[in-house]
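Residue numbers (my numbering): -19 to 134. For each residue, glycine too, the CB sits at the ideal point set by N, CA and C. If you're wondering where the values come from, they're calculated on a predicted model, not measured in any experiment. Contents: one structure, followed by commentary.
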Amino acid sequence: MHILDPQQIAQLDLNDPLGHFGEEFAKPSRENGEPWVYLCGNSLGLMPMGVPAALKVETDSWAQRAVEGHFEGVHPWMDYHQRFSGPLARLVGAEECEVVAGNTLTVNLHLLMAGFYQPDKRSNDHGRNIILMEAGAFPSDQYAMDSQIRPHGL
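Here it is, written out as structure tokens:
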């Protein structure tokens, strides 16, 4: 099999038990209409087709209820994290009490660092002022670290 043979690719897609999920996502294309090969799902995945309608439900609730949208409407916002615990637990094979929907990784890094990063500028002993981070980390994670280091004058 040649990896670029369109007929074999189509056959593999037909036999893939998850293949039908591909139709549930918007597919970007070039100006000439040619589809992209999109390999950036780790950064920003393709938009699920249901997102615009789901967003409209929430923006309509916001427009009609303002702050009361936290407590009223189709999907009150105040307890969203509790409604997601069951599905998230099943997804990752955990107990419902072990998961919670939260922030993005970058926001969580900010919160972690704000609470725990207390460098001692007086001591260069054993690198206590140093944050180790992998090369090529996601840019917003690097920005999070930078924004925590600067206020400490490091």
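C-alpha distance - residue i paired with residue j, whole-angstrom precision
i: V47; j: E38; result: 12 Å
i: L(-2); j: Q(-9); result: 13 Å
i: Q(-13); j: W57; result: 47 Å
i: W16; j: A6; result: 11 Å
i: Q62; j: A81; result: 8 Å
i: D100; j: E75; result: 39 Å
i: G73; j: F64; result: 14 Å
i: Q98; j: P119; result: 23 Å
Buried versus exposed call for residue i [16 or more other C-beta atoms within 10 Å across all chains shown]
i: G30; result: exposed
i: H90; result: buried
i: G13; result: exposed
i: S127; result: exposed
i: A124; result: buried
i: G2; result: exposed
i: G49; result: buried
i: S41; result: buried
Range of the contiguous alpha helix (DSSP H) that encloses residue i
i: V79; result: V79 -> no alpha helix (DSSP H), and no H or E assigned at all.
i: Q44; result: 31 to 45
i: L(-16); result: Neither: L(-16) is in no alpha helix (DSSP H) and is coded neither H nor E.
i: D126; result: 119 to 129
i: V72; result: 60 to 72
Residues sharing a beta bridge with residue i, DSSP
i: F5; result: P28
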